[in-house]
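Visitor: Dumping the structure here so I can ask a few things about it.
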Amino acid sequence: MADYVRNLWYMAAWDHEIPDGGMLSRTLLGEKWLIASLSDGTYAMLADSCPHRFVPLSKGKLEADVIHCPYHGLGFDRTGTCVHSPFPGPPPAHVRARTMPVILRHRALWFWPGDPNKADARLIPDFGFVDRDGMQRSHLVIQGHYELVTDNLMDLTHIEFLHVESFGVNGSIFAGRQSVVTDESGAIWNNWDMEAVPAPAWAAPMVADGARVDQWLYMRWHAPAAMALTVGLSRTGTERRDMVVPEMVNPHIITPETSTSSHYFYDHEATREAEVLARKVFIEEDEPMIEAAQQSLGTRDFWDARPAILETDAGAIRARRRIMQLRRAEAADEAQVGN
Numbered sequence: 008m009a010d011y012v013r014n015l016w017y018m019a020a021w022d023h024e025i026p027d028g029g030m031l032s033r034t035l036l037g038e039k040w041l042i043a044s045l046s047d048g049t050y051a052m053l054a055d056s057c058p059h060r061f062v063p064l065s066k067g068k069l070e071a072d073v074i075h076c077p078y079h080g081l082g083f084d085r086t087g088t089c090v091h092s093p094f095p096g097p098p099p100a101h102v103r104a105r106t107m108p109v110i111l112r113h114r115a116l117w118f119w120p121g122d123p124n125k126a127d128a129r130l131i132p133d134f135g136f137v138d139r140d141g142m143q144r145s146h147l148v149i150q151g152h153y154e155l156v157t158d159n160l161m162d163l164t165h166i167e168f169l170h171v172e173s174f175g176v177n178g179s180i181f182a183g184r185q186s187v188v189t190d191e192s193g194a195i196w197n198n199w200d201m202e203a204v205p206a207p208a209w210a211a212p213m214v215a216d217g218a219r220v221d222q223w224l225y226m227r228w229h230a231p232a233a234m235a236l237t238v239g240l241s242r243t244g245t246e247r248r249d250m251v252v253p254e255m256v257n258p259h260i261i262t263p264e265t266s267t268s269s270h271y272f273y274d275h276e277a278t279r280e281a282e283v284l285a286r287k288v289f290i291e292e293d294e295p296m297i298e299a300a301q302q303s304l305g306t307r308d309f310w311d312a313r314p315a316i317l318e319t320d321a322g323a324i325r326a327r328r329r330i331m332q333l334r335r336a337e338a339a340d341e342a343q344v345g346n
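Numbering follows my numbering, in which position 198 of the sequence shown is assigned residue number 205; successive positions increment by one, without gaps.
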């Protein structure tokens with residue numbers, strides 16, 4: 008896990024992915040983890056490997072909040088303590104499964120892979136808008152390092168090339184202005200404002216022929232890769248009061264699966280058409296480019312590959328530098344503890 012910043016909250020799953028009283032196994036930060044839904048409405052997160060003979064605990068069963076290994080019947084509670092043994096005598100006190108803090112917030116399960124004493128729930132980014140009617144929360148895996156996926160989301164100019172058929176803005180972004188700011192929460196915002204531009208193709212039927220619109224695309228980033236995209240479209244000259252459609256805000260939350268693959272958590276309207284469009288955008292349009300970049304980069308470090316930097320990369324580069332700073336700070340703290 009040396010490549011990952013540990014003392015941060017990462018998203019593991021949407022709440023509906025873990026059945027009531029059930030379990031979900033998922034590879035996160037290069038390791039298999041098990042999330043269990045407990046009877047009191049909370050969750051437990053254990054390494055999906057029995058400490059005895061390493062059989063995945065997810066192959067076992069969850070009974071009365073105890074996870075039973077299918078191989079020799081050892082049972083582990085939410086703290087990883089072995090609390091059940093079918094053999095004579097008390098459960099072996101020295102046998103423990105690794106655990107991580109896990110919290111339900113904004114319909115998502117967030118885990119903390121670092122020092123559990125630093126796991127402050129107040130540091131979970133605000134995604135309160137996710138809990139709304141008429142939306143479907145979804146998940147897919149993209150074959151690329153999580154920072155390459157972040158690059159894709161923090162530089163929205165690519166929509167003019169990759170998303171022409173889905174939600175391109177007809178060249179308007181190049182007539183707009185970009186600003187990159189950091190707010191009091193530590194979030195980095197990559198903002199595009201486009202004024203008096205032609206309506207994007209998807210919105211053209213909603214405005215008069217030749218009418219101009221003001222459009223804004225704002226991407227908010229919290230470390231390590233929890234993003235929210237705001238899309239607004241109003242009729243020009245109304246100071247953003249006469250909206251063509253209500254302002255849209257959607258989560259784009261990325262968690263490393265491995266060093267070359269990433270979990271992508273997002274939502275969309277709960278219709279078949281919206282689901283198909285979202286998967287087209289992510290799987291058919293974004294992923295092939297991210298995967299191609301990953302294959303070209305191989306095992307090289309991003310900075311060692313000496314990437315060319317454009318002005319429009321400002322948001323993505325600022326996010327990468329923040330991660331670098333956090334990684335170095337953690338390494339320095341670990342070295343100090345080691346001394």
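Positions of the beta carbon are idealized from the N, C-alpha and C atoms, including for glycine.
Remember, it's a predicted structure, so these values are computed and weren't measured experimentally.
Three-state secondary structure (DSSP) at residue 229?
Guide: Residue 229: strand per DSSP, three-state reduction.
Visitor: With DSSP as the reference, please indicate the residues paired to residue 39 in a beta bridge.
Guide: DSSP output for residue 39 lists 34 as bridge partner(s).
Visitor: Between residue 274 and residue 65, how many whole angstroms is the CB-CB distance? I'm expecting something under 8 Å.
Guide: At roughly 26 Å, the Cβ-Cβ gap does not stay under 8 Å, so residue 274 and residue 65 are not in contact.
Visitor: Quick test of the definition: if touching needs 3 or more C-beta pairs under 8 Å, does the stretch 241 to 248 touch the stretch 121 to 134?
Guide: The answer is no - the stretch 121 to 134 does not touch the stretch 241 to 248, with fewer than three Cβ pairs under 8 Å.
Visitor: Report yes or no: do the stretch 125 to 143 and the stretch 106 to 116 share at least 3 C-beta pairs separated by less than 8 Å?
Guide: In short, these stretches touch, since the Cβ pair count reaches three.
Visitor: Residue range of the alpha helix (DSSP H) that residue 168 falls in?
Guide: 166 to 169 is the span of the alpha helix (DSSP H), which, as asked, contains residue 168.
Visitor: Out of 184, 163, 152, state which residue places its alpha-carbon closest to the alpha-carbon of residue 10.
Guide: Among 184, 163, 152, the Cα nearest to that of residue 10 is on 152.
Visitor: Any idea which residues DSSP pairs residue 89 with across the strands?
Guide: In DSSP, residue 89 forms a bridge with 83.
Visitor: Mind checking which residues open and close the beta strand (DSSP E) that includes residue 11?
Guide: Neither: residue 11 is in no beta strand (DSSP E) and is coded neither H nor E.
Visitor: Using DSSP with H/G/I as helix, E/B as strand and the rest coil, what is residue 219?
Guide: Residue 219 falls in the strand class under three-state DSSP.
Visitor: In whole angstroms, give me the CA-to-CA distance for residue 94 and residue 82.
Guide: Taking the straight line from one Cα to the other gives about 12 Å.
Visitor: Under 8 Å: do the stretch 72 to 81 and the stretch 89 to 105 share three or more Cβ pairs, one atom per stretch?
Guide: Yes, the stretch 72 to 81 is in contact with the stretch 89 to 105.
Visitor: Enumerate, from N- to C-terminal direction, the unbroken beta strand (DSSP E) stretches of 3 or more residues contained entirely within the stretch 173 to 219.
Guide: Segments of the beta strand (DSSP E) lying fully in the stretch 173 to 219: 184 to 189, 195 to 205.
Visitor: Considering only C-alpha positions, which residue in the set 171, 149, 130, 96 is nearest to residue 261?
Guide: Minimum Cα distance to residue 261 is reached at 149.
Visitor: Have a look at the DSSP bridge pairing and note the partners of residue 262.
Guide: Residue 262 is bridged to 270.
Visitor: Three Cβ pairs or more, each shorter than 8 Å: is that satisfied between the stretch 161 to 170 and the stretch 315 to 329?
Guide: The stretch 161 to 170 vs the stretch 315 to 329: in contact.
Visitor: In this structure, what does DSSP give as the bridge partners for residue 239?
Guide: The partner list for residue 239 (beta bridge, DSSP) reads 223.
Visitor: For the structure I just gave you, are there three or more beta carbon pairs, one from the stretch 23 to 37 and one from the stretch 59 to 73, closer than 8 Å?
Guide: Short answer: they touch.
Visitor: Are residue 16 and residue 132 touching if we call contact CB-CB under 9 Å?
Guide: Cβ atoms of residue 16 and residue 132: closer than 9 Å.
Visitor: Between residue 187 and residue 197, is the Cβ-Cβ spacing less than 9 Å?
Guide: Yes, the Cβ-Cβ distance between residue 187 and residue 197 is below 9 Å.
Visitor: Taking the C-alpha atoms as reference points, what is the distance between residue 142 and residue 342?
Guide: Going from the Cα of residue 142 to the Cα of residue 342 covers about 46 Å.
Visitor: What is the residue span of the alpha helix (DSSP H) that residue 297 lies within?
Guide: It spans 294 to 304 - the alpha helix (DSSP H) in which residue 297 sits, taken as one unbroken run.
Visitor: Excluding the five sequence neighbours on either side, which residues of its own chain have a C-beta within less than 7 Å of the C-beta of residue 130, listed in chain order?
Guide: Excluding residues within five positions, the ones whose Cβ falls inside 7 Å are 16.
Visitor: Using the Cβ count rule (16 or more neighbours within 10 Å means buried), how would you classify residue 217?
Guide: Exposed, by the Cβ-count rule.
Visitor: To which residues does DSSP link residue 276 through a beta bridge?
Guide: In the DSSP output, where bridge partners are listed per residue, residue 276 has 142.
Visitor: Give the straight-line distance between the Cα atoms of residue 301 and residue 309, rounded to the nearest whole angstrom.
Guide: Cα-Cα distance, rounded: 10 Å.
Visitor: Do residue 98 and residue 106 count as a contact pair if the criterion is CB distance below 9 Å?
Guide: Their beta carbons are not under 9 Å apart, which means residue 106 does not touch residue 98 by this criterion.
Visitor: Between residue 73 and residue 90, how many whole angstroms is the CB-CB distance? I'm expecting something under 8 Å.
Guide: With 8 Å as the limit, residue 73 and residue 90 qualify as a contact, their Cβ atoms being about 6 Å apart.
Visitor: Where do the N-terminal and C-terminal ends of the alpha helix (DSSP H) with residue 153 fall, by residue?
Guide: It spans 153 to 161 - the alpha helix (DSSP H) in which residue 153 sits, taken as one unbroken run.
Visitor: Short of 8 Å in beta carbon distance, which residues of its chain neighbour residue 2, apart from the five on each side in sequence? Order them along the chain.
Guide: Given a span of 8 to 346 for the chain in the structure shown, any question on residue 2 remains unanswerable.
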